[in-house]
Amino acid sequence: MLITKFNKMIRNKTLWWFFAIIVSVSFIWAYSDYEQSGGGCSGKLPDAVGKLYEKEISARELDRAMFNSMRLRNFNTQSAENKKIIRHEAWKRLAALQMAEKLGISATINELTSAIGRDPTFQENGSFSKDRYRTIIESQMQVPVQQFEDFLREEIILQKLGSTLESCVWTSPEELNQRLTRITDQITIQYASFNLETNAPSITVSKDEVRKYFETNIEDFRVPDRINVKYIKIPISDYLAKVNVADKEAKQYYTNNMDRFTSSDTNNPAAKPFEEVKEEIVTELKQKKAMTEATDSAARFVAMLIPDQKGKAPTFNDAAKKKGYSILTSDFFSLREDVPNMKVDRDFNKAAFDLDPTDPERYFSDPISSDDAVYVLATGDKEKNHLPEFSSVEEKATAMAKKEASVKAFEKKCKEARESAAKAVKEGQKFEDAVKKFGATVSTNMSFSAYEAASNPFEYLDIILPKVMQMSKGELSETLDTDNGMIIVHVADKKSGLSSTAEAIRPEMMNAIDRSLTMAVYDDWKEYNLIKAGFVDKFPSSASSEDDDPAAEKDTSIEK
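Residue numbers for the sequence shown follow the working numbering, so the first one is 288 and each next one is one higher.
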């Protein structure tokens, strides 16, 4: 998943001076009390990564803020560019929370329990379920309950802080009427779609063109760091014949997972008889038991490799020989590519790249499971990233250059079709006739309003709707990108919607606009607040440690 970039919707510096006056007048007592009490601890931290309000911020605090800014999702999988954005959002979050503390804004235990209890996600039969709550947080979200509750407390505090900005936004009646008109207008459209695969012109590229493409885009051909590893493989199949599943176990599994064996027919749901699914259950349980046995064997092998108190341990080769395991060597692979000729997932890659040949306790891995085996890895050889010679990637470069040329020719063709169709429609020709000669597929007429469209979606709605709301009858859109090509939209007709519909949704629209503006104002205020906090980031381009776990704290959750 890529993080949504935090776009700015309002850029009004006068507003910030105005709001600064509001805050300073309304909460001046908070500043003076905070300063007199010595708030904003100035003590130096050994791992400080920055400073807010003269208080040093530790790496762990920033990691946790980044984790929370991502709504409790791992940020270490993001690109370097996205990590910078997340890091900046985390600083804004920390500064806003410190401001909230200065202003005496907090979240009570009642507010926290109420927010959790109201969430239908945690309810069974209309009531809060402690077991369901813990299962969802720990098993599905994969964070400790305490970390979730700390996050929720912060969210409540930030919402309260943001609500103080509501008085700073105002929607004029004219703007409201314009928006109501746009979303209630009845629009009739047709669109022409051009599929890249079937409409792209046939293209050939010369060797000189390929070489030029290679030289212009040479970084796209950089070969990343690649390694190979030594490993032992313990097949799960070695243990299948050694494990057994009693009828009692199979029946218990059947009972505990009845939903799996019940038909989805809402009118007459029925569970398959146990005897009918017994073989399937036994096979699955034997597979799980065999996996456990194989993992245990791998763990015992790993234990042999750990140095004793004197720092002595058998080598990987000696330990494998003693246990009767064959040592295999993988092909070279990078962190983000499939390991050749092996059925393993990215956990294998990550474990391999985490190995440290200089550390006697980290040159080998923990057990790594795949669908059919358990592995233990040891360091192998490494190839540093490098730029290849043209001759070694000529075939790849040719394909890429040809694809780029084909896409450019396709885009040119679509733009020519659009210009030709616009002229033809202006002269009285039908839209569909004007675009079909360019190989387009033309939709039937579709009538809708923006207000109704969400409940009756059609293909490309998310692309078409924002455009046609701004267009007039008879207009053609510019060429619009889709996943498989391009489209051109023609507004065949546009009429005013029912005034009764506009009046019915007026209060809802007013609230939606105010909320949107408040969120935009709040985001810009957080930028302003960051500056006022004397923000210092000592390592703005650094990535947070993947080894740090911002959630690893003592569990004092409320649901106990």
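Backbone N, C-alpha and C fix where the C-beta goes; we use that ideal spot for every residue, glycine too.
{"Asked": "Taking the alpha-carbon of Arg421 as reference, which of Ala590, Asp646 and Phe409 has the nearest alpha-carbon?", "Found": "Phe409"}
{"Asked": "Using DSSP with H/G/I as helix, E/B as strand and the rest coil, what is Met733?", "Found": "strand"}
{"Asked": "Can you give me the start and stop residues for the alpha helix (DSSP H) that Phe354 sits inside?", "Found": "Ala346 to Ser356"}
{"Asked": "Measure from the alpha carbon of Ala533 to the alpha carbon of each residue in Lys573, Ala696 and Leu748, then state which is nearest.", "Found": "Lys573"}
{"Asked": "Quick check: what's the CA-CA separation for Phe415 versus Asp406?", "Found": "8 Å"}
{"Asked": "Can you name the start and end residues of the alpha helix (DSSP H) that Leu527 belongs to?", "Found": "Ser524 to Leu527"}
{"Asked": "What number of angstroms, rounded off, separates the C-alpha of Arg262 from the C-alpha of Gln477?", "Found": "The shown model of the chain, from 288 to 847, leaves out residue 262, and the question about it has no answer."}
{"Asked": "Leaving out five residues on either side along the sequence, give the residues of the same chain with a beta carbon under 6 Å from the beta carbon of Tyr662.", "Found": "Tyr518, Lys520 and Ile655"}
{"Asked": "For Ala789, collect the residues of the same chain with a Cβ closer than 6 Å to its Cβ; drop the 5 residues on either side in sequence, then sort them by chain order.", "Found": "Leu467 and Thr471"}
{"Asked": "Ignore the nearest five residues each way along the sequence and tell me which others in Phe705's own chain have a CB closer than 6 Å to its CB.", "Found": "Residue 705 is actually Arg in this sequence, not Phe. Cβ neighbours of Arg705 beyond the five flanking positions: Thr766 and Ile775."}
{"Asked": "State buried or exposed for Gln596, treating a residue as buried only when at least 16 other CB atoms are found within 10 Å of its CB.", "Found": "exposed"}
{"Asked": "When you compare the CB positions of Pro647 and Pro594, do they come within less than 9 Å of one another, or not?", "Found": "yes"}
{"Asked": "Please list the segments of the alpha helix (DSSP H) lying wholly inside the stretch 389-454, counting only runs of 4 or more residues, in order along the chain.", "Found": "396-405, 417-422 and 432-450"}
{"Asked": "Return the CA-CA distance between Val755 and Ile474, expressed in angstroms with no decimal places.", "Found": "8 Å"}
{"Asked": "The beta strand (DSSP E) spanning Tyr662 covers which residue range?", "Found": "Ala660 to Glu670"}
{"Asked": "Note the first and the last residue of the continuous alpha helix (DSSP H) segment covering Ala779.", "Found": "First-last for Ala779: Gly772 to Lys782, but that is the beta strand (DSSP E), not the alpha helix (DSSP H)."}
{"Asked": "Just how far apart, CA to CA, sit Glu536 and Leu622?", "Found": "40 Å"}
{"Asked": "Any contact between the stretch 798-806 and the stretch 444-463? By contact I mean 3 or more CB pairs, one from each, below 8 Å.", "Found": "yes"}
{"Asked": "Restricting to Cα atoms, I'd like to know which of Phe501, Gly772 and Ser736 is closest to Ala727.", "Found": "Gly772"}
{"Asked": "Determine which residues share a DSSP beta bridge with Gly337 and list them.", "Found": "Ile344 and Asp824"}
{"Asked": "Mind listing, in chain order, the continuous alpha helix (DSSP H) runs of no fewer than 4 residues lying wholly within the stretch 704-763?", "Found": "718-723, 737-740 and 748-755"}
{"Asked": "So, at 8 Å on beta carbons, what are the nonlocal neighbours of Ile373 in its own chain, with the 5 sequence-adjacent residues on each side left out?", "Found": "Ile290, Met353, Ser356, Met357, Phe362 and Gln365"}
{"Asked": "Buried or exposed: which applies to Leu592, given that a residue is buried once 16 or more other Cβ atoms fall within 10 Å of its Cβ?", "Found": "buried"}
{"Asked": "Kindly indicate which three-state DSSP category Asp632 falls into: helix, strand or coil?", "Found": "coil"}
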